[in-house]
Every structure is written in structure tokens, then in C-alpha cells.
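Everything on this sheet refers to the single structure shown next.
In my numbering, the protein residues as written are 296 to 591.
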């Protein structure tokens with residue numbers, strides 16, 4: 296399976312890079328000309344100052360090396376989601392500090408000015424993100440930042456599974472949400488923890504789907520969790536049109552034959568949770584939802 300994934304990543308590189316370029320462009324365009332954008336500019340000035348400052352070869356080598364490896368960490372997958380850039384922050388913060396330090400050395404008579412500008416930038420940053428820091432709850436912040444990603448919902452589902460299963464229970468997650476395994480402290484029924492490579496346009500996708508199906512059928516997991524969410528499968532097409540793939544076509548019959556539905560989560564800005572007899576008896580067509588099944 297490991298070699299299959301490696302081959303799949305190689306063949307899907309062109310596809311993922313096309314997506315990555317768009318993500319990178321969207322991120323760069325989204326940088327506002329407030330303290331966020333000024334922070335990047337300051338870090339850039341810090342990088343430029345390394346070429347102007349004499350000596351200090353060890354510091355230059357260390358800062359440049361940290362920046363290079365941070366950029367590699369962000370871009371290694373060819374995807375550029377906004378939260379990936381968190382790995383750049385330590386290097387950028389040090390470079391911003393380098394810019395202030397160099398400016399204070401070059402303008403000794405006005406040394407307080409660069410420091411004052413940094414303090415002002417910090418104040419503007421806090422004000423710009425005041426809702427995140429002072430108003431919204433952690434769950435509301437998560438929803439506002441990650442939108443359709445079901446991170447809050449996964450925590451609730453994990454709590455239910457943890458309370459209603461033995462520690463050695465296996466679960467199968469049909470979606471790219473392995474955090475459930477961590478929260479619930481349960482083991483996966485399959486080695487495939489993310490669905491992105493299984494739905495990408497490369498020659499090994501079907502083989503990987505069939506391998507995942509075989510692993511789940513052999514493991515007979517106690518719980519089956521299915522995410523009807525394009526974001527969890529990285530599907531660019533309509534989700535229902537993608538149901539003709541081996542894996543997505545297999546799910547309904549497998550769930551019907553061996554499992555019973557015990558939970559439904561309708562993913563919204565304020566998600567709705569239904570368990571047991573409270574589950575909705577209406578069509579969820581057109582909605583994004585998470586189905587939780589327990590083995591019969």
C-alpha cells in the first residue's frame with residue numbers, strides 16, 4: 296500500500312500543483328494591507344537586511360536555513376491551504392525581528408522609531424483580529440476560519456464513540472477526518488486515513504479504493520462514519536456525480552447489509568446533531584451531512 300500511495304502521489308503531482316497554484320494565488324491576494332500584510336513586508340525587509348549587515352555569518356546561515364526549510368515544509372505537498380503557512384511563522388517572526396534590529400542599528404539617533412512602529416503594528420493586528428481574540432468562542436473561531444470543514448462535529452462524534460465502544464473497537468472513517476481516531480482513542484480499520492489520493496485523477500485511484508474496501512470488510516469495524524462532504528474527499532465535481540467511483544458506490548450497500556444508522560450530523564454554521572430515535576426521517580439531498588453507523 297505504501298508504494299501504491301507513493302506512485303499515486305507522483306502521478307497526481309501535476310493535478311495537485313494546478314490546485315496548489317490557485318490556492319497560493321488566492322492566499323497571496325487575500326493578504327490585506329493591514330498589519331497582516333505589513334508583517335510579511337517587515338519579514339521581507341529583514342531578509343534583505345541580511346545581505347546588507349556585515350559579519351554575523353552564523354546568524355545569516357541559521358535564519359536563511361530556517362526560512363528555506365520552512366518554505367519546503369509548506370510546499371512539500373503542492374497544496375497551499377491557508378493554515379499550512381503557520382509553519383512559516385517562526386521564520387517570519389525572526390526575520391521581522393531582524394528588520395527591527397537592523398533598523399535600530401542604522402538609525403541610532405532614531406532607534407526608538409522602528410520599535411515604536413512594531414508596537415503600532417502589533418496594536419493594529421490585535422484590533423484587526425479583535426473578534427477572534429476577545430469576542431468569539433473557540434468553536435466559533437474554528438467555524439469562521441475553516442468554514443465547511445467538520446472539525447467541531449468530529450469532536451462531538453468522537454465523544455459519542457468513546458462513550459459507546461470498548462477501547463479495542465475499530466472504526467472506519469470514510470472521509471479525510473483522522474482526528475476522530477485521536478479524539479476517540481480508537482484504531483482505524485484501514486490504513487487509508489485520507490481520501491484525497493483515492494479520488495485524484497491518477498491510474499492507481501481505483502486500485503487504492505478497492506484496497507481500502509478489502510481492508511474495511513476484513514476488519515469488520517464496530518463503527519462506520521461516512522462524510523457526504525466534498526471538502527472531505529477533495530471532490531471538485533458534484534458529490535452525487537462522483538458516487539460512481541468504486542468506493543462511494545460500495546458504501547451504501549455495505550452500510551445497509553451490515554450496519555444500522557445510529558447518528559446523523561447535518562453540517563451547517565450551527566450544525567444539527569441527531570442520535571438514535573431522534574434521527575431525521577427526511578431526505579438530506581443537497582445537504583452536507585455525516586452519517587454514523589454501528590455494526591448489526
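Just so you know, even glycine gets a beta-carbon here, dropped at the ideal spot from N, CA and C.
- Less than 8 Å divides the Cβ of residue 503 from the Cβ of residue 487.
- Runs of the alpha helix (DSSP H) lying entirely within the region 384-410 and spanning at least 4 residues, in chain order: 384-401.
- Considering only 472, 507, 490 and 560, the residue with the shortest C-alpha distance to residue 530 is 490.
- In the structure shown, residue 580 falls within a coil segment according to DSSP collapsed to helix, strand and coil.
- Within the DSSP bridge table, the entry for residue 346 names no partner.
- Here residue 558 is bridged, per DSSP, to 570 and 587.
- Put simply, the region 491-501 does not touch the region 415-434. Fewer than three CB pairs are less than 8 Å apart.
- As the crow flies, the alpha-carbon of residue 578 is around 46 Å from that of residue 366.
- Judged by beta-carbon spacing, residue 395 lies beyond the 8 Å limit of residue 369, meaning their Cβ atoms are not closer than that value.
- In the displayed model, residue 519 falls within a strand according to three-state DSSP.
- For residue 469, the enclosing beta strand (DSSP E) has its first and last residue at 465-469.
- Beta-bridge partners of residue 482 (DSSP): 465.
- 8 Å or more divides the Cβ of residue 524 from the Cβ of residue 451.
- When the Cα atoms are used, residue 390 and residue 427 turn out to be separated by approximately 25 Å.
- About 5 Å separates the beta carbon of residue 557 from that of residue 589, a gap short enough to meet the 8 Å contact definition.
- Just so you know, the alpha carbons of residue 338 and residue 527 end up roughly 34 Å apart.
- Rounded to whole angstroms, residue 470 and residue 462 show a C-alpha spacing of 22 Å.
- Non-local beta-carbon contacts of residue 457 in its own chain, meaning distances under 6 Å to residues more than five positions away in sequence, involve 479 in chain order.
- Put simply, the backbone Cα of residue 419 is about 29 Å away from that of residue 346.
- By the neighbour-count criterion, in which 16 or more other beta carbons inside 10 Å mark a residue as buried, residue 571 falls on the exposed side.
- In this model, residue 546 and residue 333 are separated by some 49 Å (Cα to Cα).
- Non-local beta-carbon contacts of residue 342 in its own chain, meaning distances under 6 Å to residues more than five positions away in sequence, involve 390 in chain order.
- If you check the CB distance, residue 397 and residue 363 do not come in under 8 Å.
- Per DSSP, reduced to three states, the secondary structure at residue 513 is helical.
- In the structure shown, residue 376 falls within a coil segment according to DSSP collapsed to helix, strand and coil.
- The straight-line gap separating the alpha-carbon atoms of residue 586 and residue 555 is approximately 10 Å.
- Between residue 380 and residue 399, the alpha-carbon positions lie close to 28 Å from each other.
- DSSP places residue 494 in the uninterrupted alpha helix (DSSP H) bounded by 491-494.
- Looking from the CA of residue 361, the closest CA among 386, 352, 564 and 430 belongs to 386.
- With a beta-carbon spacing of about 19 Å, residue 376 and residue 448 fall beyond the 8 Å limit used to define contacts.
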